[in-house]
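K.L.:
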Amino acid sequence: MSSRKFSKAQMESSNFANTNVSSSVVKSTNSSRRIVSDEIISINKETHSEALIALTAGFPSDSLTEEEIEAKVVSVVGGIEQINYILIRNHIITKWRDNVSNWVTKDTFVDVIPERFSDLLDSAYHYLLSHGYINFGVALAIKDRILAKPSKGRVIIIGAGLAGLAAARQLMSFGFEAIVLEGRNRAGGRVYTKKMEGGNTVAAADLGGSVLTGTLGNPLGFLAQQLSYTLHKVRDQCPLYRADGKPVDEELDKKVEAGYNSLLDKASKLRQEISQDVSLGVALETLREDFGVAMTDEEMSLFNWHLANLEYANAGLLSKLSLAFWDQDDPYDMGGDHCFLPGGNGRLVHALAEDVPIIFGRTVHAIHYGSDSVQVVAGAQVFEGDMALCTVPLGILKSGSIKFIPELPQRKLDAIKRLGYGLLNKVAMLFPYVFWDSNVDIFGHVDDDSSCRGEFFLFYSYATVAGGPLLLALVAGEAAHKFEIMPPSDAVAKVLQILKGIYEQQGIEVPAPIQIVCTRWGSDPFSFGSYSNVALGASGDDYDILAETVGEGRLFFAGEATTRRYPATMHGAFLTGLREAAKMARHASVRTLHIKN
Numbered sequence: 209m210s211s212r213k214f215s216k217a218q219m220e221s222s223n224f225a226n227t228n229v230s231s232s233v234v235k236s237t238n239s240s241r242r243i244v245s246d247e248i249i250s251i252n253k254e255t256h257s258e259a260l261i262a263l264t265a266g267f268p269s270d271s272l273t274e275e276e277i278e279a280k281v282v283s284v285v286g287g288i289e290q291i292n293y294i295l296i297r298n299h300i301i302t303k304w305r306d307n308v309s310n311w312v313t314k315d316t317f318v319d320v321i322p323e324r325f326s327d328l329l330d331s332a333y334h335y336l337l338s339h340g341y342i343n344f345g346v347a348l349a350i351k352d353r354i355l356a357k358p359s360k361g362r363v364i365i366i367g368a369g370l371a372g373l374a375a376a377r378q379l380m381s382f383g384f385e386a387i388v389l390e391g392r393n394r395a396g397g398r399v400y401t402k403k404m405e406g407g408n409t410v411a412a413a414d415l416g417g418s419v420l421t422g423t424l425g426n427p428l429g430f431l432a433q434q435l436s437y438t439l440h441k442v443r444d445q446c447p448l449y450r451a452d453g454k455p456v457d458e459e460l461d462k463k464v465e466a467g468y469n470s471l472l473d474k475a476s477k478l479r480q481e482i483s484q485d486v487s488l489g490v491a492l493e494t495l496r497e498d499f500g501v502a503m504t505d506e507e508m509s510l511f512n513w514h515l516a517n518l519e520y521a522n523a524g525l526l527s528k529l530s531l532a533f534w535d536q537d538d539p540y541d542m543g544g545d546h547c548f549l550p551g552g553n554g555r556l557v558h559a560l561a562e563d564v565p566i567i568f569g570r571t572v573h574a575i576h577y578g579s580d581s582v583q584v585v586a587g588a589q590v591f592e593g594d595m596a597l598c599t600v601p602l603g604i605l606k607s608g609s610i611k612f613i614p615e616l617p618q619r620k621l622d623a624i625k626r627l628g629y630g631l632l633n634k635v636a637m638l639f640p641y642v643f644w645d646s647n648v649d650i651f652g653h654v655d656d657d658s659s660c661r662g663e664f665f666l667f668y669s670y671a672t673v674a675g676g677p678l679l680l681a682l683v684a685g686e687a688a689h690k691f692e693i694m695p696p697s698d699a700v701a702k703v704l705q706i707l708k709g710i711y712e713q714q715g716i717e718v719p720a721p722i723q724i725v726c727t728r729w730g731s732d733p734f735s736f737g738s739y740s741n742v743a744l745g746a747s748g749d750d751y752d753i754l755a756e757t758v759g760e761g762r763l764f765f766a767g768e769a770t771t772r773r774y775p776a777t778m779h780g781a782f783l784t785g786l787r788e789a790a791k792m793a794r795h796a797s798v799r800t801l802h803i804k805n
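In the working numbering, each residue's number is its place in the sequence shown (first place is 1) plus 208.
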């Protein structure tokens with residue numbers, strides 16, 4: 209399952225590192241060194257560990273990425289030059305990771321890399337810098353570059369979410385003038401930390417993106433380091449409570465979870481045997497009946513809890529997810545722990561937005577992208593630039609609320625239509641004191657009614673990270689859609705009924721909440737949903753198509769729905785901003801060179 213699929217099973221494992229891949233790195237490096245040891249650069253004795261660090265950045269151990277090949281980082285793909293380039297590249301990444309608050313210069317490596325390899329040092333350093341693998345973020349050393357007077361073209365960025373902010377800062381550090389247009393009156397997009405308070409009680413609630421899914425190589429983790437923020441590892445324990453409030457029997461819990469996981473494994477094999485794609489929901493139900501999993505009412509209620517968790521992970525109904533490709537991003541999971549950021553992820557947004565020119569309250573209606581420039585119509589104003597970056601959520605693209613002139617290519621329109629875009633909602637509740645178990649970060653509620661399986665099925669205890677006694681109740685699947693029209697009073701009454709059912713029989717009084725906030729992401733005119741998924745009929749290729757540049761290098765696209773490796777994640781959105789900044793800088797350079805010639 210993907211790292212974003214925050215399942216109970218995953219909560220019981222604190223390390224997601226792929227040790228098989230790690231061993232292959234070591235084996236490959238050793239093999240190469242044995243064959244041509246006298247021709248390979250010797251940087252230090254940490255070659256193996258540096259390869260593992262580069263692996264967390266998405267670089268294979270013994271080959272180049274497609275992007276590196278396209279950038280012509282070596283004169284000949286394969287052979288000694290490539291091996292030496294990889295060793296230098298990995299060393300540069302590791303050096304920056306040693307202290308992500310520093311700006312690593314090329315001169316740092318002059319005394320380490322022999323002069324005869326200076327061309328490879330130039331190549332590796334330039335590639336890593338321009339593509340956002342080093343020297344990015346919010347550290348003071350990087351801020352100085354952003355505040356420098358722009359010397360290149362003007363770019364218009366639509367959306368001040370993580371993708372837009374990452375791109376803006378990167379492009380500004382490259383010397384571009386960046387203007388960000390944001391329809392909301394705040395930055396962050398689907399990452400939104402709301403201050404909740406009552407009397408002397410205050411807490412920060414993450415109403416949108418909340419979990420940093422994996423810390424090994426996660427760029428948001430680097431931002432936290434630069435800001436000296438300490439992440440809170442989400443603790444493993446996740447107790448489940450029945451509909452009557454009593455704890456789920458431990459042995460029964462293990463049995464059903466094992467059955468559920470076995471069906472996911474069988475579903476993976478099934479898709480290799482059938483020629484036509486079917487929905488994940490249909491496949492799991494067919495397999496469940498065939499193999500006799502969850503045959504009693506109590507077992508079925510527990511099984512439905514796991515299905516609700518799966519729908520939460522994908523922000524989509526199982527009946528609409530592709531069996532063939534729903535988990536296509538699994539090979540690219542970030543390793544490490546799942547974490548909360550104390551004080552909320554809005555702290556990262558605030559740091560990213562600082563010094564970035566953002567014009568709030570500007571809803572974009574049209575984007576004219578020609579061969580010479582780009583005009584973005586927002587409200588009654590027209591903003592003109594050399595290039596534009598569209599980072600709006602997939603839900604906005606699906607709604608057609610932005611008119612593209614000329615119309616987007618049909619292949620992109622088809623991909624927008626094929627990809628799924630689902631819903632997750634939350635109820636944030638600030639209480640006068642903590643009455644729940646403060647030793648757990650999450651706990652679940654099992655509903656006997658299968659049609660309500662996603663309704664308040666999971667609770668996040670934010671007391672340790674929010675600054676106050678805060679609980680978040682999650683609503684997923686079909687229940688998330690019904691929740692959009694549920695009166696807030698009804699929602700609160702249901703949540704409190706669940707909590708009282710769990711705690712009052714333990715002799716613990718559940719107080720009335722001080723403040724309550726209910727999200728309605730599906731009705732939000734700036735998102736129309738939560739995050740993307742691979743719907744029936746779609747595939748990972750559609751993410752790539754959404755990321756394609758149009759208009760002869762004038763209009764670019766970023767956001768979580770434009771990365772097949774890290775969709776539906778905060779770090780995925782951020783990384784696409786860095787990716788597109790590199791593309792935009794490259795296209796600008798090509799145009800400048802063409803004009804000079």
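Positions of the beta carbon are idealized from the N, C-alpha and C atoms, including for glycine.
As the structure is a computational prediction, the values presented were derived from the model and not from experiment.
Is it buried or exposed, Leu355, if we count other Cβ atoms within 10 angstroms and call 16 or more buried?
P.N.:
Along the sequence shown, read from residue 1 onward, the residue named residue 355 stands at position 147. Exposed: under 16 other Cβ atoms inside 10 Å.
K.L.:
So, is Pro775 buried or exposed, given that buried needs 16 or more other C-beta atoms within 10 angstroms?
P.N.:
Position 567 of the sequence shown, counting from 1, holds the residue named residue 775. Answer is buried; the Cβ neighbour count reaches 16.
K.L.:
Taking Cβ positions, are Val388 and Ile566 nearer each other than 8 Å?
P.N.:
Position 180 of the sequence shown, counting from 1, holds the residue named residue 388. Position 358 of the sequence shown, counting from 1, holds the residue named residue 566. Result yes, Cβ atoms of Val388 and Ile566 sit closer than 8 Å.
K.L.:
Indicate the three-state DSSP secondary structure (helix, strand or coil) for Tyr437 in the structure shown.
P.N.:
As a first step, residue 437 is located in the sequence shown; it is residue number 229 there, counting from the start. If DSSP states are grouped into helix, strand and coil, Tyr437 belongs with coil.
K.L.:
Just mark Lys791 as buried or exposed, buried being the case when its beta carbon has 16 or more other beta carbons within 10 Å.
P.N.:
Sequence index remark: in the sequence shown, residue 791 carries index 583 (1-based). Lys791 should be labelled buried.
K.L.:
Taking Val388 as part of the beta strand (DSSP E), name the residues at either end of that continuous run.
P.N.:
The residue labelled residue 388 in the question sits at position 180 within the sequence shown. It spans 385-390 - the beta strand (DSSP E) in which Val388 sits, taken as one unbroken run.
K.L.:
Apart from the five residues just before and just after Gly361, which ones in its own chain have a Cβ nearer than 8 Å to its Cβ?
P.N.:
Sequence index remark: in the sequence shown, residue 361 carries index 153 (1-based). Excluding positions up to five away in sequence, the list reads Phe384, Glu385, Gly593, Asp594, Met595, Ala796.
K.L.:
For Thr494 and Asp749, I'd like the C-alpha separation in whole angstroms.
P.N.:
Locating residue 494 in the sequence shown gives position 286, where the first residue counts as 1. Locating residue 749 in the sequence shown gives position 541, where the first residue counts as 1. Those two C-alpha atoms are separated by around 28 Å.
K.L.:
Are the beta-carbon atoms belonging to Val284 and Ser331 less than 8 Å from one another?
P.N.:
In the sequence shown, residue 284 corresponds to position 76, counting from 1. In the sequence shown, residue 331 corresponds to position 123, counting from 1. Not closer than 8 Å, so no.
K.L.:
Are the beta-carbon atoms of Glu458 and His514 separated by less than 8 Å?
P.N.:
Start at 1 with the first residue of the sequence shown, and residue 458 comes out as number 250. Start at 1 with the first residue of the sequence shown, and residue 514 comes out as number 306. Their beta carbons are not under 8 Å apart, which means Glu458 does not touch His514 by this criterion.
K.L.:
Going straight from the alpha carbon of Leu415 to that of Pro322, what length do you get?
P.N.:
Walking along the sequence shown from the start, residue 415 turns up at place 207. Walking along the sequence shown from the start, residue 322 turns up at place 114. The straight-line gap from Cα to Cα measures roughly 52 Å.
K.L.:
Measure the Cβ-Cβ separation of Ala451 and Asp649 and say whether it is below 8 Å.
P.N.:
Locating residue 451 in the sequence shown gives position 243, counting from the first residue. Locating residue 649 in the sequence shown gives position 441, counting from the first residue. In this structure, Asp649 does not lie closer than 8 Å to Ala451 by Cβ.
K.L.:
Might you give, ordered along the chain, the residues of its own chain that have their beta carbon closer than 8 Å to the beta carbon of Gly308, omitting 5 neighbours on each side?
P.N.:
In the sequence shown, residue 308 corresponds to position 100, counting from 1. One point to set straight first is that residue 308 is Val, not Gly, in the sequence displayed. Here the set comprises Gly345, Ala347, Phe430, Gln433, Gln434.
K.L.:
I'd like the ranges of any alpha helix (DSSP H) spanning at least 4 consecutive residues and lying wholly in the stretch 559-619.
P.N.:
Runs found: 602-607.
K.L.:
To the nearest angstrom, how far is the alpha carbon of Ala793 from that of Gly780?
P.N.:
Taking the first residue of the sequence shown as 1, we reach residue 793 at position 585. Taking the first residue of the sequence shown as 1, we reach residue 780 at position 572. Looking at the two C-alpha atoms, the distance is approximately 20 Å.
K.L.:
Does the distance from the CB of Asn741 to the CB of Gly391 come in under 8 Å?
P.N.:
Working through the sequence shown from its first residue, we reach residue 741 at position 533. Working through the sequence shown from its first residue, we reach residue 391 at position 183. For Asn741 and Gly391, no; Cβs fall outside 8 Å.
K.L.:
Beta-carbon within less than 7 Å of Arg479's beta-carbon, same chain only, minus the 5 sequence neighbours each way: which residues are those?
P.N.:
By one-based count along the sequence shown, residue 479 stands at place 271. Excluding positions up to five away in sequence, the list reads Leu531, Ala532.
K.L.:
Taking 6 Å as the limit between beta carbons, can you name the residues of its chain near Met404, skipping five residues before and five after?
P.N.:
Here the question's residue 404 lines up with position 196 in the sequence shown. The residues are Ala411, Ala413, Leu638, Gln723.
K.L.:
By the three-class DSSP mapping on this structure, what secondary structure does Met694 have?
P.N.:
Sequence index remark: in the sequence shown, residue 694 carries index 486 (1-based). In this structure, Met694 counts as coil in the three-state DSSP scheme.
K.L.:
Specify, as a first and last residue, the run of the alpha helix (DSSP H) that Glu274 falls within.
P.N.:
Looking up residue 274 in the sequence shown gives position 66. Here the alpha helix (DSSP H) through Glu274 covers 274-278.
K.L.:
Are at least three pairs of beta-carbons, each pair with one atom in the stretch 581-593 and one in the stretch 756-775, less than 8 Å apart?
P.N.:
Taking 8 Å as the limit for Cβ pairs, the verdict is that the stretch 756-775 does touch the stretch 581-593.
K.L.:
The beta strand (DSSP E) spanning Tyr668 covers which residue range?
P.N.:
Looking up residue 668 in the sequence shown gives position 460. 663-669 is the span of the beta strand (DSSP E), which, as asked, contains Tyr668.
K.L.:
What is the DSSP secondary structure of Ile365, counted as helix, strand or coil?
P.N.:
Against the sequence shown, residue 365 aligns to sequence position 157. If DSSP states are grouped into helix, strand and coil, Ile365 belongs with the strands.
K.L.:
Would you list the one or two residues that DSSP bridges to Ser487?
P.N.:
Along the sequence shown, read from residue 1 onward, the residue named residue 487 stands at position 279. Answer by DSSP bridge pairing, in chain order: Ser530.
K.L.:
Are the beta-carbon atoms of Leu627 and Ala746 separated by less than 8 Å?
P.N.:
Here residue 627 refers to the residue found at position 419 of the sequence shown. Here residue 746 refers to the residue found at position 538 of the sequence shown. The answer is yes: Cβ separation under 8 Å.
K.L.:
Is the beta carbon of Leu680 closer than 8 Å to that of Ala636?
P.N.:
Start at 1 with the first residue of the sequence shown, and residue 636 comes out as number 428. Start at 1 with the first residue of the sequence shown, and residue 680 comes out as number 472. Cβ atoms of Ala636 and Leu680: closer than 8 Å.
K.L.:
My assumption, with CB atoms under 8 Å, is that Leu373 sits in contact with Met542. Please give the rounded CB distance.
P.N.:
What you label residue 373 is simply residue 165 of the sequence shown in a count that begins at 1. What you label residue 542 is simply residue 334 of the sequence shown in a count that begins at 1. Their Cβ separation, rounded to whole angstroms, is 20 Å, which puts Leu373 and Met542 out of contact at 8 Å.
K.L.:
If we require 4 or more residues per run, which alpha helix (DSSP H) segments fall completely within the stretch 687-739?
P.N.:
Runs of the alpha helix (DSSP H) inside the stretch 687-739: 696-711.
K.L.:
DSSP three-state label for Ile294, please.
P.N.:
Here the question's residue 294 lines up with position 86 in the sequence shown. Residue state, collapsed to three classes: helix.
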